[in-house]
Every structure is written in C-alpha cells, then in structure tokens.
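Below you'll find the structure, written out as structure tokens, and then a few comments.
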Amino acid sequence: MTLKDLEAFDPVTIQCHDNPDADALGAGFGLYAYFKSLGRQTRLIYSGRNPIQKSNLKIMIDELHIPVEYVRPDEEQPLFIKGLLVTVDCQYGAGNVTKIAADTVAIVDHHQVEIDGVPLSLIVPALGSCCTLVWKLLRDEKFDIKTEPGLETALYYGLYTDTNQLSEIRNPLDMDMRDDLAFDAGLINYFKNSNLSLKELEIAGVALIRYSFNEDYNFAVIKAQPCDPNILGLISDFLLQVDVITSCLVFNENADGYKFSVRSCIREVNASELASYLCEGIGSGGGHYEKAGGFVSKKLYEKHYPTLHPEAYFNNRMNQYFDSFDLIYAADYDIDTFDMKKYSKKKIPIGFVKADEVLPAGTPITIRTLEGDVDMTIEDDLYIMIGIKGEVYPNRRAKFEKSYQVLPDKYEFETYALSADYVPTIKNRNDGSTLHLTDYARACVPTGQVHIHARELTRGVKVFTAWDKSKYMLGKPGDFLAVRCEDRHDIYVVERDIFGKTYEETV
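Quick note: the sequence shown, position 95, residue 80 per this note's numbering, numbers continuous.
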C-alpha cells in the first residue's frame, strides 16, 4: 500500500492508539500533513479512557503545534467516522486502540501483524518506529516535509523514544531518517528532559531491588511496572554497572504486549542478537552490540505460551540462549577437520566499486547496508566489494587484481544480490551527501579456486575470526562451519541459504 492508494478518500481521519506515545503522535502528524496538503478534510485523533497526561508529550504537542484531538468513547452512542479512518502505530481492532466504525479503514504500523483482513494495510515490523514508515511513505510521494513546521522534529522524537534514545536502531531506513531530518535539537533536549515523572522514578527504584540473578551466566532479569519505554533502558544501564552482571534484561507489560530492554558488556553476547532471540516468532527486536530492545506481542505470546508467566519465560529464554552455542576463538583454535567435507567456491559474479572513482581520496565515508554501517576513508587503492547478500567489505587493488576478473556486464544489484531489500548507499561524511553505491558498481568473478573444509552445524556457534577478535560470526543449526584448507585458523560461518549457492563439494 502507498499513500497514492488513499488519495481518493475525503474526509480522512488518522487515529493514534489509545494513550499515544511520541511515535504515534509523530507518525500521525506526518499523515495529517500529507492529506491536508491535498486539500482533504483531515483530523488527527485518539481515544481511550484518559487524555494524554505525560509532561513530555504535552510539551511536544504544544511546541510542535500537533493538531491532535482527544475523542472520548461513548458506549451509548458509538462513534462513526465518515470517509477513511487510518489507524497509525496500531492495527484496527487490536486491543490497544478504541475500535471506531468507519466507511473505510486503513492501517499503517510497524508492530507484528495482529489483524488480518484489512486490504488497505501497510505493516512493516522490521522498522524501529512508525515514524520511519510514515517518513518513507512521504518520501516515496516526493512530499516535502519541510513545508510542515515541526514535522521533522516530531518524526525524529518518535524514532528517538521508540528505539530507546536511538540505541535500538537496527534497520537502515531508521538510520536514513535519523540522518536526513533537520530537527530542532533544543526542543528534543527539552522533551527528553521532561520525560521522567516522580512516579517513574519510584518505579525504577522498586524494580532495581526486585531482580533475579543467574550465577551460572551472570545475567539479571527484572520486571518493572508500566512506565515509559525509556525507563527500561535507564534501569538496564544502571543494572549493568553491578560488578557481577555482564548482561541483563528489563521488561514491563502493557495492553498489547511486553516491551523489553537488553544490555551486554561482554563481546560474547551481542545485545542485538540476544534481543532478536528473546522474541523469535512472537515479536521483533534488535539494536546495537551493547544496547538493544524489543517487543513481544501479547496475542502471539499467549498463543505459544498460554500457561507460562512472562518472568519465567524471559528467565528460561535467557538460559536457553546461553546453553545454545559454543565459542570458537579462531586465532587460537585447533580445528579438527576429520568429519568435514571438502568444498570449492563457485565462480559467482559479485559487485565492486573503485572508491576513488566515486569520491576523492581522503574523503571519509559511511557505507550503509542492511547489515549496518561501515566507516571507511577513500584511498586510491581501495576497492569496495558488494557480496551476494548485499554485504559490503573493503579490498585492495593488488589483492583485487590478483583474485578477480572484471566482467564486461554492468552490475545489477537486484540480479546478483540474494537480498535486495535495501540498496547500499555511500555517505560523504564531509558534506552529508548520499549516493547509491550500486550506481558506480561493476561485476567481477574470482579467478582462482578457494578450497575449504566444512560441516553443517547441529548447534549454535559463535566464531571470533582471526581478523576480527572483537565481534563474532553467529552460526545457527543448519548453517556451515568452514575453514580454508591452506589456513587452519581462517575459520568462519556460512549461512545455510548462502552455502549451497556459493560452494560445491569436491572429491
């Protein structure tokens, strides 16, 4: 669904979920501005038991002039919306939004799918905020968000609050919006310093004395009372300062699920990966290596774990996580290849870019991919490779010319990359300009043979490679553990869906 699909409707009402947060308000404000610019009769509303009470949200509404209205539910005379009703940051008919009858309904949301059967729906759980989704919709329609004063700041604050002060950003579109918006930093500072109430201060204090600690794996789990999601991050940050705690999880319950924050201070636990593991199949999570978070859908949780208390679930899941993998430190690891088969790498075309043909040597750049950001500096012998997963990694001219043959074909990202969900971009950190890396890419294939030993994994593994001892490669059951025949310490993981496409068994 695009915004063009909704342009024929008039009037248009945008409904935030009950007790809206900054993300719902910012996203709703973006849709309001768009339909208003088309000349539609437009309203931005929310309902529920009470009007907004949090100080930071009241200040946000006043300072940014967000025209949101509180509509009190009336059981005796149910509300009816003429024209189009768009629920934003929620799904029509879900438990966290008052159901209002309407001629036509549409959904714009970034949570797990709860409601089926609404044809006009756009639900993208991979995004950190609904503001990001609305920003993309506006960008796709070439809508200039600068024409609506305060909108950029509203969108930024929505992302800021829904990703725990940006610490849980994991999707490149979230990063793109963060970098693109010209927000009012003074107002953001004002909002965030009006976020904590005395009641929430008490919630944080009580939570910290009700922890459970696992001595085997040095992790702690805390359940907090309902509070702003950022309070969970505050509790997590404080908890991690305890000398024996190396990772932690803090969660609370709201009307539609469980919001949680995770932290790690050891290289063996990637907080983003842990967050994803905790809500696998029942929610979405992610973030950074040290800080992350996520959300578990109550509907999906009760379907999969109808009799399990959430505190028990999170403690059990944390234990399962630590029990699920082995550790390999490749530089010091003596690998046994007895039960491993021999494979050679197929000659599959990949992309490359000669960096100084894009920007002058010495230019600091950030390359953004689906896997994250990569910082580099342009050098005259730097080649930027684009792998078959769309991943980006550096190479040098001497090694490139020795190892690859340039093809006459133009590199087509959608053809060669197995995942074309996000096209890698290159950002000039000097002036902030952004270019698509694929506009400059050519195709190449390996010239020589790469021989490896490999075996399919039956349990998880974390490999600290010889070339990066600070972060691990994660291997799941079904993936392949590989080692180059000529270097027994060059150990790495190849994902299952990639392995069969890139390697073939040899005798």
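We put the beta carbon where it would ideally sit given N, CA and C, even for glycine.
Of the listed residues the options, nearest to residue i (C-alpha basis)
i	options	result
Tyr368	Gly190, Lys387 and Leu355	Lys387
Asp165	Trp120, Ser152 and Glu480	Trp120
Lys284	Pro63, Ala240 and Asp317	Ala240
Thr400	Lys456, Gln76, Ser32 and Ile333	Ile333
Ile267	Ser282, Tyr274 and Tyr243	Ser282
Gly(-11)	Pro58, Ser232, Phe65 and Leu105	As written in the sequence, residue -11 is Lys, which differs from the Gly given in the question. Lys(-11) has its Cα closest to that of Leu105, out of Pro58, Ser232, Phe65 and Leu105.
Arg473	Asp464, Ala451, Glu480 and Gly463	Ala451
Gly485	Ile476, Asp464 and Cys470	Asp464
Glu439	Ser114, Ala277 and Ala467	Looking at the sequence itself, residue 439 is Ala, so the reference to Glu does not match. Ranking Ser114, Ala277 and Ala467 by Cα distance to Ala439 puts Ala467 first.
Leu442	Tyr425, Glu(-8), Val430 and Arg481	Arg481
Pro211	Phe245, Asn149 and Leu70	Phe245
Asp47	Gly445, Asn199, Phe14 and Gly278	Phe14
Val229	Asn203, Ala340 and Tyr19	Asn203
Lys414	His436, Thr348 and Phe449	Checking the sequence shown, residue 414 turns out to be Arg, not Lys. Among His436, Thr348 and Phe449, the Cα nearest to that of Arg414 belongs to Thr348.
Leu422	Gly445, Phe398 and Tyr19	Phe398
Met370	Ile44, Pro409, Gly113 and Val71	Pro409
Pro295	Ala91, Val235, Asn255 and Ala315	Val235
Asp169	Ser182, Tyr141 and Ser152	Tyr141
Glu275	Glu153, Val206 and Asp101	Glu153
Asn35	Leu263, Pro5, Pro63 and Phe20	Pro5
Lys430	Gly357, Ser232, Leu293 and Asp394	Residue identity differs from the one stated: residue 430 is Val in this sequence, not Lys. Comparing Cα-Cα distances from Val430 to each of Gly357, Ser232, Leu293 and Asp394, the minimum goes to Asp394.
Lys461	Lys447, Asp(-5) and Ile411	Lys447
Leu42	Lys454, Leu172, Ile(-1) and Val90	Leu172
Leu183	Phe176, Ala402 and Ile216	Ile216
Arg469	Thr146, Cys1 and Ala315	Ala315
Gly218	Asn237, Tyr407 and Tyr378	Asn237
Ala(-7)	Glu489, Cys1 and Phe20	Phe20
Exposed unless 16 or more other CB atoms sit within 10 angstroms - verdict on residue i
i	result
Arg381	exposed
Asn174	exposed
Glu185	buried
Pro214	buried
Pro157	buried
Ile194	exposed
Val492	exposed
Asn178	exposed
Leu144	buried
Asp365	exposed
Phe65	exposed
Ser418	exposed
Ser251	Note that residue 251 is Ile in the sequence shown here, rather than Ser. Exposed, by the Cβ-count rule.
Asp518	No statement about residue 518 is possible, as the shown extent of the chain runs from -14 to 492 and does not include it.
Lys331	exposed
Ala426	buried
Glu99	buried
Val191	exposed
Gln97	buried
Gln226	exposed
Tyr55	exposed
According to DSSP, residues forming a beta bridge with residue i
i	result
Gly270	Gly279
Phe497	The question about residue 497 has no answer, for the chain in this structure spans -14 to 492.
Met370	Phe337 and Tyr378
Lys447	Leu312 and Leu459
Asp94	Ile108
His436	Ser329
Arg427	Phe337 and Lys395
Ala205	Phe198 and Cys233
Lys412	Thr351 and Thr419
Gly357	Thr354
Cys115	Its beta-bridge partners do not exist; DSSP assigns none.
Arg28	Thr(-2)
Tyr389	Pro431
Thr362	Pro349
Any chance you could list the beta strand (DSSP E) runs of at least 3 consecutive residues sitting entirely within the segment 292 to 354, in chain order? 310 to 314, 326 to 330, 335 to 339 and 349 to 354
If you pair each beta-carbon of the segment 321 to 336 with each one of the segment 127 to 142, do three or more pairs fall below 8 Å? no
As an exercise, report each continuous alpha helix (DSSP H) stretch of at least 4 residues that is fully enclosed by the segment 30 to 89, in chain order. Runs of the alpha helix (DSSP H) inside the segment 30 to 89: 40 to 49.
Touching or not, the segment 284 to 299 and the segment 327 to 343, by the rule of three or more beta carbon pairs under 8 Å? no
Considering only residues of the segment 117 to 186, which uninterrupted alpha helix (DSSP H) runs meet the minimum length of 4 residues and lie entirely inside it, listed in chain order? 136 to 147, 157 to 165 and 170 to 177
Start-end ranges of the beta strand (DSSP E) lying completely within the segment 214 to 273, minimum 3 residues: 232 to 239, 242 to 249 and 268 to 272
On the three-pair Cβ rule with 8 Å, is the segment 124 to 131 touching the segment 62 to 78? no
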